Each structure stands twice: as C-alpha cells, then as structure tokens.
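Asks:
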Amino acid sequence: MSKKKCIGKASSSAGGWGALKSVGQSLMGSGKPVKGAITLLNLNQADGFDCPGCAWGDPEHGSSFEFCENGVKAVSWEATSSRVGPEFFAEHPVSELKTWTDYDLERQGRLTHPMRYNHDTDRYEEVSWQQAFDGIAAELNKLDDPNKAEFYTSGRASNEAAFLYQMFVRLYGTNNFPDCSNMCHEASGVALTESIGIGKGTVLLEDFEKCDLIYCVGQNPGTNHPRMLATLREAVDRGARVCVFNTLKEKGLHRFTDPQDKLEMIRGGSAPTSTDYYRPRLGGDMAVFRGMSKVVLDAEDKAQAEGKPSVLDLDFIAEHTHDFEQYCDLVRATSWDQIIEQSGLTKEEIIETAEMYLAADKVITTWAMGITQHLHSVQMIQEIVNFMLLKGNIGREGAGLCPVRGHSNVQGDRTVGINEKAPKPLIDALEKELGVEIPRERGHNVAEAIGAMLQGSAKAFIALGGNFARAVPDSSLVAEAFTKMDLTVNIATKLNHGHLMTGKVSYVLPCLGRTEIDANSKGERQMITVEDSMSMVHGSAGINVPASKELRSEVRIIAGIAKATLGSDVVNWDELSENNDLIRDMIARVLPIYGEFNKNVRRPRGFWLRNSASCREWNTPTKLANFGISELRSQTEWQSVQGQERTFVLQTFRSHDQYNTTIYGMDDRYRGVYGVRNVVFINKDDVEEIGFKDGDLVDVVGTYDDGHHRECKGFRIVSYDIPRGCIAGYYPEMNELVPHHTVGEKSFTPTSKSVVVRLDAHKQ
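Next comes the structure, spelled out in structure tokens:
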C-alpha cells in the first residue's frame, strides 16, 4: 500500500460528520440497515439491551439516543446478516483460515452451529449440542487434577452467566479463573482494595455534573468509551476544568462535535473536552502526581507558617486516613530532579496542575489502561489516591475516583465471583448455599495460566467469550501452546484466531448476542444483567430474532457443560438454565449486596451496588483509607533506554476502528491513518535522528534477553505528537512484542504500556 493511501488528514475533532458517516457505513455493512437503526433505539434504554461495548455509565435522565459511534459498530457487527455455518467450514480448512486477518475472520459473520475440529480433514464439523457437552465433559473428567484446566472469562459475559460459570468451575474443583480484568484493570482493583478497601471507583455519573475539576489520566475516551466525551464537554461548558495527562495528543481529549446537535453539525462547529493538556512520558504519571502532592504540601507548610487556613482537609485526614505523616515525609524527600526527569513535564507545568487542585473544591480523577499496564501500576494508582486524600476528595458528592473499565461487564464478572483469589466470604456463602465443600486455594490469573500452558501443565482451556490467544502477550508462544492442549473450547458469537489454535479436541460453541432474544423452552423471554464502571447494575434484554435457531445463551451453554461434567446432584442445572430469575435469587443469597436482585434490576436504569468507600467506610485492615508508601522507581523504562541507539519505549493501544481485539475496519481517522494497521507512531524529531523518514518501513524488535526473539516486521513510520523516546502501535498486532513474564508488581497485568523495543530498517 502506498504512503499516500495510509497516511492522510486526521479529523479536526472527535464525533461530527465522520462519526455519522462511520455509523452509516456500519449499518449498511451489516446487511440489515433498517433493522439495525431500529435496534439502536433500544440500546442502553431502560427496557432495552445494554451496549456490548464499553462500561461507561448511563444517565438517570436518559435521552432517546444513548449510544455512540463505537456502540453502533458493536451492534452492527453483532447484528450482521452474514453467517458462518457448517458450509463455511466445509469450504475453508483451518490451515487456510489461519492466514486470514483478524478483521477478515470476524467480518464473515455470526457463528450458527456447535462445531468440533476434525484433525483428519483440518476442518470444523457440525455436532449436536449434547455431543459437544458430552465430549467436553469426557475430556474434563479425564484430567487427574482439576487444576490442569483453565477457565477464561471475557468482560462481555453477563452476571448470570459469570455466576453460573464460577459455581460450575469451583464445584469441578479449581479456582483457575484467568479473566480479561487480569489484562486491563487488575492494578486498579489491587491498588484500590489496599488503599480504600474496595476495588472499584467511588463516583456516580451524576458526580461529573457537580465537580469543579476532572483529572483525566492515561485514557482515550474518543476511541475507548466515546459517550464520556459528552460528559467531559458538558463539564467544560459549565466552567469546570478538565486537565488531561496523556502521552499522545488525542482528538477526543481536545474537541468534540456532537452528532446529535443539529446546529453544531450544520455549522461545522465543535467544543472543547478539556481545558488543559499535558503529555508525560510513558511511565511518568506517578512522578507527576508525586510532584503535585509536593506542591500541595508546600502550600500547606506556607499556610501554617503564615497563620492562614489549611489547604488540606485535616479533619478528614485525622478521622479517615492512615500513614499521612509517613507519606508527607516521603513526598518531601523526593527530589524535584527525579520528578521532572521521570514525568517529562517541567516543574512549572506540575505547579500549574497542582494549583488547579488547590483552587477546586470537588475533584474527580479518572483513568484507564494508560495507567494500569506498567510494572509500577499499583503504586501509580495509589499515588493518585494519596493525592485525592489530601483534600478529602473521596466519599463525597461531586468528587472521587473513577477507573473506567473497558468491556461492558468486566466489573460485574468480578463482583459475582470470577476471581482466582477465592474471597473467603464468597466461598463461605457458596458452601452454605450448596451444602458441599468448595476449593479455597488460589488459582491462576492470565499470566499464570499462560505459564502453565507453556510449561505443559495446563491441559484444558475453556473460554467464555473473548479472543484470549490474540489478546495476551507473546502471541506466537501462546498459539503454539494451544496446539499442545488436550481440550480447547470457545463460546463465541463470531470466528476469531483463538478458535483456530486447536488442541487435540476443540469445540466452538455459538452463543446469543446481546441484541438477540433469549427465550427458554417455554418461549419465555429472559433478561440478563451487567454492572458498569459506576457500580450501577442494569437489566438487558435483546429484541432481535437470533442469527440461528441453534444458538443458545451463555447461561444454557454453561449449564449444559456443567450437567454433563458434574451431574445434577448438587445443582439443578436444567432448572437454572430455564429461568435467569432463579440465578439472580441465588446470587442475592450468596452475595447479599444485591438485595432483592430481581426487584431492584427491574427499576428503570437499574440500581446501585453500595460502595463502602463512597460512604467513607474503609474495609481495610486499618479500617482507614491508607496512604500508599512507595518511593518513585529508581529508573523508568524511558530512563533505561536513554543513550541506546534506535531504542524506544512502546505502548500498544487501539485504533479508532476497533474494540479490544475486534477490528471493525482499517481506518483510524482521529490519527490520520487509513487502510493499514501495521504502523508505528513516533516523534518527528526521533524519526529524523534515527535516519528514517515518514512512511518508511521498519522492523520493531523486542530487546528482552530471555531466549525468545520477538519481532514485528514491516511496520510503517507515522510521525505523531508524542514525547521523544516514546512510540506507539496497535494491538493485537504488536502483542507479539510484550513478554508474558513481564507483569505489574502485585497485579500481574501485562506491561503493554512500557515495552522496550528497537527499530531496525525493514528486511524482507
């Protein structure tokens, strides 16, 4: 592809006519544009279905249109008229399909029948549901140790499916629950649990309407959760400050054209989504917040010396926090030289950002994977918490912490029990509910599951949604490990590369999508539930006729596998599979936080799961909110590569035309890249210094000395507004460069935002 075709003009703002055009293309591409448009009217509505995309909250005062461009893409992608049935697999052997791109595989359409891989023919072949269940059960029951099986969960799974899944797996005998949270926000959960006693954010969507200042850190809402753009824009419109810390200049964090504002669209206008924008180096955000705390504590010292009112909330600190004085000592001992070098900001810039905090009464800090995928992510998030504690900005209206989750129910899955660490209260309650003993030993997270697969100790892998093989680090190593498994099972709506990495026995089981009607054997429609980033639980019921009569809900599929594997002596799986209300009743008995679950979830827009920290109840060992006591790292990855020729720190991220590993299209109009994904974004001065020019092809080579060669060949250079020494590229293509063993301290999250690589001239 020519340079002219792949590097073009970027959009001047997020949203706008580009978004409307993309929406139209998505609807037309589905093959059912009218049906798709009607479907969208039920998206994120009180009596409709929840978006299968991001976990941004829904307002209580919802409008007729509660969806964004990426929500339309997700719905159209699911509601396509294209089908991948037995005829497709008869025509295309797996060896051929492996050569297709992620985009080409998924755009073939919806899976329609349960399939089993035949090694002799190299094709997936149709089987009945009962044959699939019995075959899976036979392989699971062959294992001499349940801990040799890995049970993955994607964040798109409903609360009901995830609860049933964890109950089945624990009754089977293991706590091996690698899940998508391990790859994204695990650091948030670990850090917040240690600091404030709950691994969730503390704000409601309505708090954004009442705050004076929003710090938006390490996230790109324009691509990852676009409905947040309207929230940021509204905050700026009413006079709040929105201060962005992001390594790249992103359109959605600069300006937004609301496609639902007719006058603005006609006039070609836009409005700002931020008031201040700073670009720290990769891995430098902890230093930024340490510097801001230093400014705030200096202001407090000055106020005390001059007999002026305190700038801190000393009453809150005294009543609600632990280790404040130790944190103050740590901050004062941290040098400005270290802060400036690691952060990449000037002292003056850090003072500016801190003075915003001093001037504001109600502050929200929100972050995403730009913060959570580093070696020191847990410490970084705790530094954010420390800073917010200084003025009591946790547990009151218009203020708080907001980690923005990715997939629509990644938070809910963890709440209902998808957790390899087997929380004692959950296990106690399950044992009481079921009348049998449940395993309590710690299971595998994603990093540990990969390790077990590579070592050969893992023999079976079942995935409840997702594209595990492409989402994880060290893609080629993991792909090879899958071929040595005794059993692989994928429950999915569309074909992806993970399904083609077949073990000795492999099944693909097609499930209903979020947009489709789920009816039991009596024709009674079922509702599922999800939890968003604000701890709001919503009901979701599809409206479309299923893509195939053979499709089953995730709940029915899990129940079928469980019954075939374990029998029905302890749990009546058939009964639960017929009525999701019964599952919700069981969830409420095991997890009383849900209260009268079935009654609560039928309220318009659902209900709030009580958040202890937002009520200033700290479920920590100290019974207080803990200041995290961590020194800045002695050296960040950026510091480590200084002076090394053609060596950079890489972050992987999404293009605008994708969601997680799902590629909707090949354009990234917000960054000016069209028709190609194998690109690397780099500062123009770095391009010149290393002797390349815009559009040149390079090979991106991993530098980790662990005996495994990592390389992405033939990636095109794109000059971009990014700090020197830092580069960026799309995943899943660049996941090959992320070592599976390099994970965050305490979180085990892949370090996908701080990968050290070298750029070489491309060799054929």
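Start counting the sequence shown at 609; every next residue gets the next number (my numbering).
Positions of the beta carbon are idealized from the N, C-alpha and C atoms, including for glycine.
For clarity, every value in this text was computed on a predicted model and none was experimentally measured.
Cα-Cα, which of Asp1368, Thr839 and Leu1240 is closest to Asp945?
Replies: Checked all of Asp1368, Thr839 and Leu1240; the closest Cα to Asp945 is Leu1240.
Asks: Could you tell me whether the Cβ atoms of Ile989 and Ile1002 are closer together than 9 Å?
Replies: Not a contact, by the Cβ cut-off of 9 Å.
Asks: Tell me which residues share the same chain as Met894 and place their Cβ nearer than 7 Å to its Cβ, disregarding the 5 neighbours each side in the sequence.
Replies: So the qualifying residues of the chain are His984, Gln987, Met988, Glu991 and Leu1240.
Asks: Is Leu1072 near Tyr773, with beta carbons less than 9 Å apart?
Replies: The answer is yes: Cβ separation under 9 Å.
Asks: Pick out the complete beta strand (DSSP E) segments inside the region 749 to 813, 3 residues or longer, and give them in chain order.
Replies: Counting only runs of 3 or more, we get 757 to 761.
Asks: Going by the DSSP bridge assignment, what does Cys1119 pair with across the sheet?
Replies: Answer by DSSP bridge pairing, in chain order: Arg1160.
Asks: Do you know how far the Cα of Glu714 is from the Cα of Ala1127?
Replies: C-alpha separation (whole angstroms): 26 Å.
Asks: I need the DSSP call for Cys936, collapsed to helix, strand or coil.
Replies: Residue state, collapsed to three classes: helix.
Asks: With which residues is Ser1148 paired in a DSSP beta bridge?
Replies: Looking at the DSSP assignment, Ser1148 forms a beta bridge with Ile1136.
Asks: In its own chain, which residues sit with a C-beta less than 6 Å from the C-beta of Ser1156, not counting the 5 before and 5 after it?
Replies: So the qualifying residues of the chain are Thr720.
Asks: Figure out for me which residue from Ser1114, His1370, Phe1289 and Asp923 has the closest Cα to the Cα of Glu733.
Replies: Cα-wise, what sits closest to Glu733 is Ser1114.
Asks: Touching or not, the region 1141 to 1161 and the region 1207 to 1223, by the rule of three or more beta carbon pairs under 8 Å?
Replies: With the cut-off at 8 Å, the region 1141 to 1161 and the region 1207 to 1223 touch.
Asks: Can you list, in chain order, the residues of its chain whose CB lies under 8 Å from that of Ala618, leaving out five sequence neighbours each side?
Replies: Closer than 8 Å at Cβ, skipping near neighbours: Lys859, Arg1277, Tyr1278, Arg1279 and Gly1280.
Asks: I'd like the list of long-range same chain contacts for Lys1067, defined as Cβ closer than 8 Å, with 5 residues on each side in sequence excluded.
Replies: The answer, listed in chain order, is Leu751, Lys756, Ala757, Met1093, Asp1094 and Leu1095.
Asks: Ala1030 and Arg778: beta carbons closer than 9 Å?
Replies: Their beta carbons are under 9 Å apart, which means Ala1030 touches Arg778 by this criterion.
Asks: Can you tell me which residues form a DSSP beta bridge with His930?
Replies: Per DSSP, Asn1234.
Asks: DSSP on Cys824, reduced to helix/strand/coil?
Replies: Strand at Cys824.
Asks: Give the DSSP-derived three-state secondary structure of Lys1321 in the structure shown.
Replies: Residue state, collapsed to three classes: strand.
Asks: Bridge partners for Asn1128 per DSSP, in chain order?
Replies: Beta-bridge pairing links Asn1128 to no other residue.
Asks: Which of the three DSSP states is assigned to Cys819 in this structure?
Replies: Here Cys819 sits in coil by DSSP.
Asks: Nearest by alpha-carbon distance to Gln739: which of Glu842, Asp753, Asn1027 and Gly1168 is it?
Replies: Ranking Glu842, Asp753, Asn1027 and Gly1168 by Cα distance to Gln739 puts Gly1168 first.
Asks: By the DSSP assignment, the alpha helix (DSSP H) with Met977 in it spans what residues?
Replies: Start and end: Met977 to Thr980.
Asks: Starting from the C-beta of Phe1069, find all residues in its chain whose C-beta is less than 6 Å away, skip the five residues before and the five after it, and write them out in chain order.
Replies: Excluding positions up to five away in sequence, the list reads Glu758, Met1093 and Thr1096.
Asks: Give me the residue from Asp728, Asp666, Trp737 and Asp710 with the minimum Cα distance to Val1116.
Replies: Of Asp728, Asp666, Trp737 and Asp710, the residue nearest in Cα terms is Trp737.
Asks: Helix, strand or coil for Pro694 per DSSP?
Replies: Pro694 falls in the helix class under three-state DSSP.
Asks: Which of the three DSSP states is assigned to Lys1067 in this structure?
Replies: Coil, per DSSP.
Asks: Under the rule that 16 or more other beta-carbon atoms within 10 Å means buried, what is Gly1064, buried or exposed?
Replies: Burial call: exposed.
Asks: At which residues does the alpha helix (DSSP H) containing Ile1201 begin and terminate?
Replies: Ile1201 -> no alpha helix (DSSP H), and no H or E assigned at all.
Asks: Helix, strand or coil for Ile1173 per DSSP?
Replies: The residue asked about is misnamed: residue 1173 is Thr in this sequence, not Ile. Thr1173: helix per DSSP, three-state reduction.
Asks: Under 8 Å, with one C-beta from each stretch per pair, do the region 1339 to 1356 and the region 1037 to 1047 reach the 3-pair mark?
Replies: Because the criterion of three Cβ pairs below 8 Å is not met, the region 1339 to 1356 and the region 1037 to 1047 do not touch.
Asks: Under 8 Å by Cβ, that's how I've got His1348 and Leu1085 pegged, so tell me the actual separation to the nearest angstrom.
Replies: Sure, about 7 Å apart at Cβ, within 8 Å.
Asks: Considering only C-alpha positions, which residue in the set Glu1296, Pro722, Leu1120 and Phe741 is nearest to Thr1173?
Replies: Nearest option by C-alpha distance: Phe741.
Asks: Provide the residue span of the beta strand (DSSP E) that contains Thr1096, from first to last.
Replies: Counting along the chain, the beta strand (DSSP E) containing Thr1096 begins and ends at Leu1095 to Ala1100.
Asks: Below 9 Å between beta carbons: does that hold for Asp787 and Asp1140?
Replies: No, the pair does not count as a contact, with Cβ atoms beyond the cut-off.
Asks: Considering only their Cβ atoms, is the gap separating Arg1324 from Val1306 smaller than 9 Å?
Replies: Yes.
Asks: Reducing DSSP to helix, strand and coil, say where Ser1016 ends up.
Replies: Coil, per DSSP.
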